[in-house]
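In numbering that gives the first Met the number 0, the protein residues as written are 0 to 53. Yeah, the Cβ is synthetic: ideal placement off N, Cα and C, and Gly gets one too. Computed from a predicted model, the values in this text were never measured in an experiment. Structure first, then comments.
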Amino acid sequence: MGTAHGYDFITQTWDDFRGSPGSAMFRIRVGELEIPSRHGFNAAAAQWQPIVIP
């Protein structure tokens with residue numbers, strides 16, 4: 000979702016066992032996750048970048 004005010008805003012999405020979509024949004028401090036390229040916060044999902052958390 001992006002970075003703003005010292006926090007990275009991320010959303011996790013998934014499909015449950017019936018194929019129904021789900022999502023959860025998180026706010027974490029900048030630097031707690033290794034994010035290769037940060038961008039400003041944007042509520043438009045089309046502008047979000049995917050990241051892989053190991």
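Given that a residue counts as buried once 16 or more other Cβ atoms are within 10 Å of its Cβ, and exposed if not, what is residue i?
| i | result |
| --- | --- |
| M24 | exposed |
| D14 | exposed |
Straight-line CA distance for residue i to residue j?
| i | j | result |
| --- | --- | --- |
| H4 | L32 | 16 Å |
| G30 | P20 | 29 Å |
| P49 | R17 | 24 Å |
| Q46 | R26 | 18 Å |
| A43 | G1 | 10 Å |
DSSP state of residue i, grouped into three classes?
| i | result |
| --- | --- |
| A45 | helix |
| M0 | coil |
| F25 | strand |
| I34 | coil |
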